[in-house]
Each structure stands twice: as structure tokens, then as C-alpha cells.
Amino acid sequence: MKDKRVLYVSSEVIPYLPETDISSTSFEAAKMVNNLGGQIRIFMPRFGNINERRHQLHEVIRLSGMNLVINDLDMPLIIKVASIPKERMQVYFIDNEDYFKRKATLTDEDGNLFSDNDERAIFFAKGVIETVKKLNWSPDIIHVHGWLASLLPLYLRNYYGNEPLFRDSKIVTSVYNQSFDGALDEELREKILFDGLENANVKHLKTPNFVNLIKTAVDNSDAIVMGGDNVPEELKTYVGKLNKPVLPFTEKENFSHAYQEFYDTKVLSE
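FYI, the numbering for the sequence shown is 2 to 271, going by our numbering.
Given below as C-alpha cells:
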């Protein structure tokens with residue numbers, strides 16, 4: 002992995018949010034590549050319950066300031082950055098007052114999904130890609146974690162399909178069991194089609210539930226990692242029918258070697 006560039010796009014990363022399979026794996030994978038001499042960038046949403054003062058987040062003026070069009074509305078993009086203590090790793094935070102100021106992540110105090118989670122997912126995907134373009138940083142691998150990040154492969158392969166910076170990038174999606182009940186806004190499909198994507202690109206999203214979001218992500222990925230041992234059976238079956246490299250769920254003690262070998266022999270060799 003020496004000198005390879007790996008972009009990690011995750012809905013959550015420790016130490017900024019509590020430890021879960023997604024937040025810990027996103028951190029550990031990036032740390033592993035960093036320790037092997039690779040170059041990494043980590044992106045996550047700047048949720049309002051992240052303590053900016055304690056974690057020393059600060060705005061990057063040169064990267065902020067552009068507007069992203071979400072469902073025909075201009076939404077300002079703010080980029081903040083922080084360093085993970087002792088790890089020499091920077092984390093970039095995608096921020097917007099309307100989408101991420103509230104003091105919660107994905108649900109309200111009663112456990113109900115926020116009604117604009119669909120637009121937050123679109124904004125996050127576009128925000129990451131536009132920021133990486135500004136950085137002029139061409140990743141060898143883009144590794145996606147968490148359902149809020151699941152639209153990134155779709156946008157990268159289609160909306161940004163002709164972008165030279167990502168021409169040789171390989172997309173990996175990790176599939177977890179951290180799901181949600183119900184579905185996102187039923188207009189999600191139309192909001193994506195507004196960006197000029199084709200009906201075939203969003204065939205799964207007539208019902209934008211967890212399983213269909215992940216199906217959309219893996220359809221637009223080059224390889225898949227099973228991030229948990231109790232992933233929904235429907236997703237296991239779907240992934241099993243795809244002609245793509247799959248890394249089975251790996252326990253933490255074997256994590257580093259398994260990921261390194263998968264990146265080297267399956268993802269980068271494709």
C-alpha cells in the first residue's frame with residue numbers, strides 16, 4: 002500500500018462519534034493504510050453533536066464557499082478539518098447549516114429518521130467529490146462506509162463519470178448491518194433524476210429503504226467488503242450474485258492483513 006492513495010468516505014468515524022462497527026472500521030482501515038506508507042483522506046459529515054471545540058475543528062476557507070444544487074436549491078458547502086490525536090491523520094468534515102447544524106446525527110430524540118436525510122445524503126456525496134476535486138487529489142481507492150454515504154458510488158460513476166481525476170479510481174463499498182426502519186423521502190429518486198441521471202441508475206430507489214440504498218451502492222462499486230457478520234440476507238444474496246470481488250466479514254484480529262491483501266490483490270489488480 003506504500004504511496005497508494007485511499008479516500009475513506011464514512012458516515013461516522015471515531016473519535017468524533019461513538020464507537021460502532023462503521024466508526025471503528027473507518028478509523029482502523031485508514032490507520033492501517035497510513036501506517037503502511039499510503040496516503041489517506043477521510044471525509045465524514047459535520048453532525049451538530051460533534052464537539053467542534055474539543056476536537057479542534059476549523060473551517061478551511063479555500064475549500065469552502067461553493068454552492069451545491071440539491072433539488073433545484075443552492076446549498077452552501079462548508080469544509081472543516083481536524084486531526085486525529087497521535088495518528089497524523091486529518092479528517093475533512095462536510096458541513097451545511099440547514100443539513101447538519103441540529104444536535105443529532107440521523108434521527109430525532111424519538112428515533113425517527115430526519116425527513117431530509119435523503120437530501121443530506123446527496124449533499125454529502127456531492128460535497129466530498131467537489132472537495133476532492135478542489136484538492137486535486139486522485140485516489141487509487143475510494144472506500145465507502147455507512148448508508149448516508151451510499152449515494153457516492155452512484156454519483157461518482159454517473160454524474161461525475163467523465164471527471165479525469167477519478168478515471169482510474171476503484172470504488173469499494175462496505176456493507177454493514179447498521180440499518181434503519183422504513184424508508185427515506187419517496188421523492189429521493191426524482192431528486193437524483195433532477196441531476197440528469199438515468200432511470201436505470203436509480204432502479205432500486207422506487208422504495209428508498211436501507212437494502213435498496215446499499216444495492217445502489219454496490220451496483221456502482223468495483224468491490225465489496227462485508228462489514229458485519231449479520232448483514233441482511235437479502236443483501237448477502239444480492240452481493241453473492243454480482244461478479245465482483247467480495248471480502249467476507251473479518252474479525253478484528255485478522256482485519257489489517259485481510260484488508261491489505263484485498264486492496265492489493267483484488268481491488269487494485271482489477
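Even for Gly, the Cβ is constructed at its ideal location relative to N, Cα and C. Predicted model only: the values in this text are computed from it and were never measured.
Kindly indicate the opening and closing residues of the beta strand (DSSP E) around residue i.
i, result
"K242", "No beta strand (DSSP E) contains K242, which is instead part of the alpha helix (DSSP H) from E234 to K242."
"D75", "L74 to P77"
"Q91", "M90 to D96"
"Y9", "R6 to S11"
"L107", "From DSSP, L107 is part of no beta strand (DSSP E); its letter is neither H nor E."
"S180", "Premise fails: S180 is in no beta strand (DSSP E) and is neither H nor E."
"I43", "Q40 to P46"
"N68", "N68 to I71"
"A224", "A224 to M227"
Near residue i, what residues of its chain come up, given a Cβ to Cβ distance below 6 angstroms and the 5 sequence neighbours on each side ignored?
i, result
"L136", "none"
"Q40", "R6"
"V34", "M2, V7 and I41"
"S170", "P140 and I143"
"Q91", "V82 and S84"
Between the options, which lies nearest to residue i when the distance is taken from Cα to Cα?
i, options, result
"F211", "L149, V240, V82 and I225", "L149"
"P154", "N35, G183, Y9 and K3", "Y9"
"M67", "L58, T108 and E131", "E131"
"S139", "A126, F167 and L157", "F167"
"K87", "R63, F256 and K32", "K32"
"F101", "E262, L37, R89 and N52", "N52"
"E20", "D220, Q179, E164 and G241", "Q179"
Along the chain, where does the alpha helix (DSSP H) that runs through residue i open and close?
i, result
"R55", "E53 to H56"
"R1", "Outside the displayed range of the chain (2 to 271) lies residue 1, so it cannot be described from this structure."
"F256", "F256 to F263"
"L214", "F211 to D220"
Run through the DSSP bridge pairs and tell me what residue i is partnered with.
i, result
"A31", "Answer is none; A31 lacks a bridge partner."
"H59", "V82"
"K171", "I142"
Excluding five sequence neighbours on each side, which residues of the same chain lie with their C-beta closer than 8 angstroms to the C-beta of residue i?
i, result
"L152", "A122, I123, F125, A126, I193, L214, T217 and A218"
"P209", "D119, A184, L185, D186, E187, L189 and R190"
"S11", "I23, S24, S27, I43, F44, M45, V145, H146, G147 and A150"
Whose C-beta lies closer than 7 angstroms to the C-beta of residue i among residues of the same chain, with five residues either side of it excluded?
i, result
"S257", "M33"
"Y260", "A30 and M33"
"R103", "G49"
### Message
Quick check on the DSSP output: what are the complete beta strand (DSSP E) runs of length 3 or more inside the stretch 118–168, in order along the chain?
### Response
142–146
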